[in-house]
Amino acid sequence: MAALLGARLIESIREHFSNAKVYMWTDSKIVLHWIKNNPRRWKTFVQNRATEIQEKTPPEVWNLCPGCENPADKITRGLSFKNLENDQVWWHGPPWLIQQDTSCVSSYDDSDPDPLSIASEERVITLATSAESVEPVLDIQKFSNLHILLRVTAYGLRFVKNLRSEEKTVGHLSTEEFSSAMDYWIKLSQFQCFSNEINCIKCNKCIDKSSKFCGLNPKIDEKGLLRVSSRLVKSSLDVDELNPIILPNDYFSHLIVLNSHLKVLHNGVNETLIQTRAKFWIFRARRFIKSILYGCRFCKKFNAYPETEISAPLPPDRVEKSQPFEVSGIDFAGPLILKDGSKVYIALFTCAVTRGIHLELITILSAECFIQAFRRFISRLGVCKIIYSDNAKIFKRADKELKYLYKLCKDENVSRFIVNNGITWKFIVEGAPWWGGVWERLVRSVKTCLKRILGKSSLIYEELCTVLVEIEAVINSRPITYLYSNANEPVPLPPSHFLTGSKLTVLPSPNTVPKSSKCDLIKRWKHRLLLLDHFWKRFYTEYLLELRS
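For the sequence shown, UniProt numbering assigns the number 1 to the initial residue and increments by one for each residue that follows.
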């Protein structure tokens, strides 16, 4: 750089002293060697500067001087002011420069052997060939959306095109650029998986019989894409529908399936398959699409099943053998409006073990009416040992009539009647309404039957009593065990089998024996005991085992 600055300075001085003789001095043999030889032998940086020096000054005027006699070294190496004041080289230059005697100056010997000039100059000749690359320009695994992948690829292809042509393409991407990006990834995907088949088709050779292409009659179109040959050539279908593009089960096909899934608004496998088959032929497409849609996070939010709560173990009162209605639950439903405009309520009693029910109609919410209904219940079905009902929290959240029912259950007369009959009244845990599911589910069944039978009609008291008894018979005849399709299998077990020994909705058999002896009655009684024992065995093996899940 110092030699270049000196050459530029000499050029400006020459404008005023055109006839002056010029001498150039440097203390670097390397720089002097660069200047006095052909600049094309050096690398670009040195070549450019040596060429400029030779254009401004002839190489012959350049000479070599010792570094200790070079005034320029005083500044570059650093010099104190005291030494600079007495430095003769800085103020007057080297002695031989004043005396015009340069014999003592080191001279550059052109005759010195130059290894670069003696040795034969070795040149490396590089031959560049173009081959079809199998490696993609982008890591496709980093993309989760087909549109983003094609967009980035299209910008990359545009950049390469702009480097090779003088006309630069700018602005938004065009449809042709998107199509070129799609063709690029299709060709790459096909070449990576079907290279043998593509070579066979290009060379007009037969494809191996073990190949997946057998039966597809593949062909290569004018773009170099591998397509299926269709028999519907004469139809008016689109080119992509007639000859779909063949794709393997790779990640690019994965992105295509996801894009089709988005186009059909996250519909199922069939809709996604139809959308994909409109342009592409993917091997084992249904299985491939099904595996992809299984991982769709958006669909999982809507297709996922809610978490099921783990049920607590059933209490002994629900699973131990007992007489029907020995352990009962009680709940109230209503009010119902009679034809005359008065209100009535339904008292539902259910057996906690056999799941049978008993319905009583109450006209007034009073302790006396409830005691009368309870007396009718125990007179027909036997005295209970334990009765469960809702707690105070549930009654407090209900309307004023159910609040009165809670007071009714706490009434002194009711409590005295319960104690006199040896009955234990228990309330379920506060804040746990699901404990009352043993009767709430049956209340729902009763209300469903009432809505479907009555609708908006109003009945008189006697008609409503008849309807409730019929509903009670239907619910007590419902199966609580598995209903077999084979006629040789046992009939399903209803709660009425524990109450009467048969379904309440079945007509009695006409073949009755008019008279029975003592022996016949004993046999019949034993038969009923065996039948009841059989019912309990089925209750444990079929009903209780179903409650495990």
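All C-beta atoms in this analysis are idealised placements derived from N, C-alpha and C, irrespective of residue type, glycine included.
Here the structure is a predicted model, which is why all the values come from computation and not from measurement.
Secondary structure of V474 (DSSP, three-state): helix.
If you draw a straight line from the Cα of A72 to the Cα of E55, it comes to about 23 Å.
As DSSP reads the structure, D317 sits in no beta bridge.
DSSP links W62 through a beta bridge to M24.
In summary, D139 is exposed, with fewer than 16 beta-carbon neighbours lying within 10 Å of its beta-carbon over all protein chains present.
CA-to-CA, the gap between F191 and Y305 works out to about 42 Å. Between the alpha carbons of K36 and W25 lies a gap of roughly 13 Å. Each residue's CA atom was taken as its position, placing T363 and L265 some 57 Å apart. With a cutoff of 8 Å on beta-carbon distance, V228 and L216 are scored as near each other. Here the C-alpha atom of V353 lies approximately 31 Å from the C-alpha atom of E462. At least 8 Å separates the beta-carbon of F370 from that of I357. Relative to E360, the option among I387, W90, K209, I471 whose CA is nearest is I471. Ranked by Cα distance from P94, the first of K82, R77, G67, N83 is G67. The bridge partners DSSP lists for T424 are I386. Judged by DSSP secondary structure, E222 falls outside any beta strand (DSSP E); it is assigned neither H nor E. Around the CB of R40, fewer than 16 other CB atoms lie within 10 Å, so the residue is classed as exposed.
Per DSSP, reduced to three states, the secondary structure at H358 is strand.
Only residues of its own chain outside the window of five on either side were considered, and among them N249 have a CB closer than 8 Å to the CB of R284, listed in chain order. For W281, the uninterrupted beta strand (DSSP E) run begins and ends at 280 to 282, by DSSP. Secondary structure note for G6: its alpha helix (DSSP H) is the uninterrupted segment 2 to 14. In the structure shown, the three-state DSSP call for V228 is strand.
Contact annotation: T276 and I256 have beta-carbon atoms nearer than 8 Å.
Of the candidates I310, V46, V327, A278, V327 places its Cα closest to the Cα of P316. Every beta strand (DSSP E) stretch that sits fully inside the segment 324 to 358 and reaches 3 residues is listed by chain position as 327 to 337, 343 to 351.
Between K82 and R49, the alpha-carbon positions lie close to 37 Å from each other. By the Cβ-count criterion, F374 is buried, with 16 or more other Cβ atoms from all chains shown falling within 10 Å of its own Cβ. Per the C-alpha coordinates, the member of R158, Y184, L163 positioned closest to H172 is R158.
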